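J.: Have a look at this one before I ask anything.
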Amino acid sequence: MSEAEKGHENFSVVFQAVAEKVPNEVLLAVERPLPSLEAPGVAPPLPWGDWRKWTAAQYYKDACSAAKAYMVLGVERFGTVAVFGFNAPEWSISAMGSILCGAKYAGIYLTDTPEQIQYKISHSGSTVVVLDSDVEFDKVASKIDELPGVAAIAVWGMRAPADLKRADGSVCRVMHWDDLLALGEAKGLEYCRNMQPGGSGAKPFLHWLADKLILSKARQALGLHKCNLFMTGAAPMSLDTFEYFGQLGMNIYMGFGMSESSAGVTLCTRSANQFLSCGPALMGTELACFRAGPNGEKVEAKRSTPGKPLTEEEQGEICFRGRHVMMGYLANPQWGAEHVADIEKKTREAIDDEGWLHTGTRAPSVWTASSG
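Written out as structure tokens, the structure reads:
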């Protein structure tokens, strides 16, 4: 295929290729934090090694986060993000983020009057305005009643002021640049983490909008948009896998079980879910970790403390018992007495005299042994 036949690659593809090919090359830099003044109007230069820098990979990552945040805030395909401020990395990242989300950016001159700013934001159909300092913010805020289409303002060179309320009662959200990036990075994952033990149990701000505009479309692309419950078992999943699907709004519940127990023994639920955990024991199941005592007897392992190194006394073989455990392995008498005896031996090795089924899996003791 000739070069002409290959066609042209769009900017998003080129940007990603650069981030992958030279991820550690510095593409953006800013003299920040500024050194203290030596005298009125006189400041020493900041050594290059102290400048704030963005590599190609970091630049692309932040632009992607900005793009996702824009979509969460309502920027649609072919929509607009207005950028208003002095030359800064955030200016470029804002602009590139608008392209990555299928929109465009509209730059505003620093010398524009409030009336000119209102016209440009309104005429361009900007949904989000990204700006630098209080000078730019005050100009936009003075015309907010005439900018009903602006859903949010993000600021990078100042602390985020309070949200702006219009005369008609509608609100324009105001946030810091870092919060904008965070909004795009982990809205679905934040929800999944909030649902875990110790979490707030609350849906993050604008989670419903992120789910409607982005997360639901991702699930549909995967063919999982009609699935109401996501479960995994048989083999453990990595934390990266849990968090990847969590970012798409899919909270995956892991369980543990065996064929000998009619499958289920433990299971995470909506009210008790922790990444990398198989969850508490199911109702009617007794669960314990046993280690061998000095005379071969079963000794229940001590409860471990998550995050602390395990001791030998805190580890043991996972065992469980309950009505769901099999009566024994099935033998076929037609295969002869030796076969039956062998199967009966395997049953005795699996289930002890107290009804505990031994899994052969060694693990720390964490969960309460009985759930009812």
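First residue of the sequence shown: 1, per UniProt numbering; consecutive thereafter.
Where is the CB? At the ideal position from N, CA and C, for every residue including glycine.
Note that this is a predicted model, so its numbers are computed, not measured.
So what's Glu38 in DSSP terms, helix, strand or just coil?
T.: Here residue 38 is taken as the residue at index 38 of the sequence shown, counted from 1. In the three-state DSSP reduction, Glu38 falls in the coil class, being neither helix nor strand.
J.: Mind checking whether Thr359 and Ile318 have CB atoms under 7 Å apart?
T.: Against the sequence shown, residue 359 aligns to sequence position 359. Against the sequence shown, residue 318 aligns to sequence position 318. Cβ atoms of Thr359 and Ile318: closer than 7 Å.
J.: If you compare alpha carbons, which of Gly246, Ser122, Phe230 is closest to Gly149?
T.: For the purposes of this step, residue 149 is taken as residue 149 along the sequence shown, with counting starting at 1. Checked all of Gly246, Ser122, Phe230; the closest Cα to Gly149 is Ser122.
J.: Less than 7 Å separating the beta-carbons of Ala66 and Ile99?
T.: Within the sequence shown, numbered from 1, the residue matching residue 66 stands at position 66. Within the sequence shown, numbered from 1, the residue matching residue 99 stands at position 99. No.
J.: Quick test of your reading: Leu248 and Arg219, contact by CB under 8 Å. State the CB separation rounded to the nearest angstrom.
T.: Position 248 of the sequence shown, counted from the first residue, corresponds to residue 248. Position 219 of the sequence shown, counted from the first residue, corresponds to residue 219. The pair is a contact, with the Cβ atoms about 6 Å apart (cut-off 8 Å).
J.: Helix, strand or coil for residue 376, going by three-state DSSP, please let me know.
T.: For residue 376 there is no data in the structure shown, the boundaries of the chain being 1 and 372.
J.: Identify the residues that DSSP records as bridge partners of Lys165: which are they?
T.: Here the question's residue 165 lines up with position 165 in the sequence shown. Bridge partners of Lys165: Val171.
J.: Val75 and Thr127: beta carbons closer than 7 Å?
T.: Here the question's residue 75 lines up with position 75 in the sequence shown. Here the question's residue 127 lines up with position 127 in the sequence shown. Contact: yes.
J.: Where do the ends of the beta strand (DSSP E) carrying Ala151 lie?
T.: For the purposes of this step, residue 151 is taken as residue 151 along the sequence shown, with counting starting at 1. Per DSSP, Ala151 belongs to no beta strand (DSSP E) and is neither H nor E.
J.: Just to confirm my understanding: we take Pro44, look at its own chain, exclude 5 residues before and 5 after, and list those with CB closer than 7 Å. What are they?
T.: One-based indexing of the sequence shown puts residue 44 at position 44. Around Pro44: Pro35, Glu38.
J.: Using the C-alpha atoms, what's the distance from Ser277 back to Pro306?
T.: Indexing the sequence shown from 1 puts residue 306 at position 306. Indexing the sequence shown from 1 puts residue 277 at position 277. Computed Cα separation, rounded: 11 Å.
J.: In its own chain, which residues sit with a C-beta less than 7 Å from the C-beta of Leu180, not counting the 5 before and 5 after it?
T.: For this step, residue 180 is matched to residue 180 along the sequence shown. Answer for Leu180: Ala66, Ala69, Ala154, listed in chain order.
J.: When the Cα atoms are used, what is the spatial distance from Ser142 to Lys165?
T.: Against the sequence shown, residue 142 aligns to sequence position 142. Against the sequence shown, residue 165 aligns to sequence position 165. So the alpha carbons of these two residues sit roughly 11 Å apart.
J.: Go ahead and pull the three-state DSSP assignment for Phe230.
T.: For the purposes of this step, residue 230 is identified with residue 230 of the sequence shown, where counting begins at 1. The answer is strand: DSSP assigns Phe230 an E or B state.
J.: Is the beta carbon of Lys345 sitting closer than 7 Å to the one on Tyr329?
T.: Residue numbering aside, residue 345 sits at position 345 when the sequence shown is read from its first letter. Residue numbering aside, residue 329 sits at position 329 when the sequence shown is read from its first letter. Cβ atoms of Lys345 and Tyr329: not closer than 7 Å.
J.: DSSP three-state label for Cys289, please.
T.: Taking the first residue of the sequence shown as position 1, residue 289 is located at position 289. In this structure, Cys289 counts as strand in the three-state DSSP scheme.
J.: Please return the same chain residues whose Cβ sits closer than 6 Å to the Cβ of Lys53, not counting the five positions on each side in sequence.
T.: Start at 1 with the first residue of the sequence shown, and residue 53 comes out as number 53. For Lys53, where only same-chain residues beyond five positions count, the Cβ hits under 6 Å are Val26, Ala29.
J.: At what residues does the alpha helix (DSSP H) containing residue 406 begin and finish?
T.: Since the displayed the chain opens at 1 and closes at 372, residue 406 lies outside it and no answer follows.
J.: Among the candidates Ser124, Pro23, Glu115, whose CA atom is the shortest distance from the CA of Asp138?
T.: Along the sequence shown, one-based indexing puts residue 138 at 138. Ranking the options by Cα distance to Asp138, first place goes to Glu115.
J.: Would a C-beta distance cut-off of 7 Å place Asp50 and Phe86 closer than the cut-off?
T.: As a working note, residue 50 is residue 50 in the sequence shown. As a working note, residue 86 is residue 86 in the sequence shown. Cβ distance not < 7 Å, so Asp50 and Phe86 don't count as in contact.
J.: Can you give the Cα-Cα distance for Val135 and Pro40, rounded to whole angstroms?
T.: Here residue 135 is taken as the residue at index 135 of the sequence shown, counted from 1. Here residue 40 is taken as the residue at index 40 of the sequence shown, counted from 1. Whole-angstrom Cα-Cα distance: 21 Å.
J.: So is Trp335 buried or exposed if we call it buried at 16+ other beta carbons inside 10 Å?
T.: By 1-based counting over the sequence shown, the position of residue 335 is 335. Exposed is the call here.
J.: With burial defined as no fewer than 16 other Cβ atoms inside 10 Å of the residue's Cβ, what is the status of Phe15: buried or exposed?
T.: Locating residue 15 in the sequence shown gives position 15, where the first residue counts as 1. Phe15 comes out buried.
J.: Just the C-alpha distance for Tyr119 and Gly184, rounded to the nearest angstrom, thanks.
T.: Within the sequence shown, residue 119 is the residue found at index 119, counting from 1. Within the sequence shown, residue 184 is the residue found at index 184, counting from 1. Approximately 28 Å, taken between the alpha carbons.
J.: Taking only runs that begin and end inside the UniProt domain "AMP-dependent synthetase/ligase" (49-147), name each unbroken alpha helix (DSSP H) of 4 or more residues, in chain order.
T.: 56-72, 89-100, 114-124, 134-141
J.: Identify, in the order they occur along the chain, each residue of the same chain with its Cβ nearer than 8 Å to the Cβ of Thr361, setting aside the five sequence neighbours on each side.
T.: Here residue 361 corresponds to residue number 361 of the sequence shown, with the count starting at 1. Once the five neighbours on either side are set aside, the close Cβ partners of Thr361 are Glu317, Ile318.
J.: Given His225, which residues of its chain have a CB within under 6 Å of its CB, disregarding the five upstream and five downstream residues?
T.: Along the sequence shown, one-based indexing puts residue 225 at 225. Within the same chain, Arg219 come within 6 Å of His225 by CB-CB distance, once the 5 residues on both sides are set aside.
J.: On the criterion of 16 or more Cβ atoms from any shown chain inside 10 Å, does Trp356 qualify as buried, or is it exposed?
T.: Taking the first residue of the sequence shown as 1, we reach residue 356 at position 356. Buried: at least 16 other Cβ atoms inside 10 Å.
J.: I'd like the span of the alpha helix (DSSP H) that includes Lys15, first residue to last.
T.: As a first step, residue 15 is located in the sequence shown; it is residue number 15 there, counting from the start. One point to set straight first is that residue 15 is Phe, not Lys, in the sequence displayed. Secondary structure note for Phe15: its alpha helix (DSSP H) is the uninterrupted segment 11-21.
J.: What is the residue span of the alpha helix (DSSP H) that Ala263 lies within?
T.: Start at 1 with the first residue of the sequence shown, and residue 263 comes out as number 263. No alpha helix (DSSP H) holds Ala263; the beta strand (DSSP E) holding it covers 263-267.
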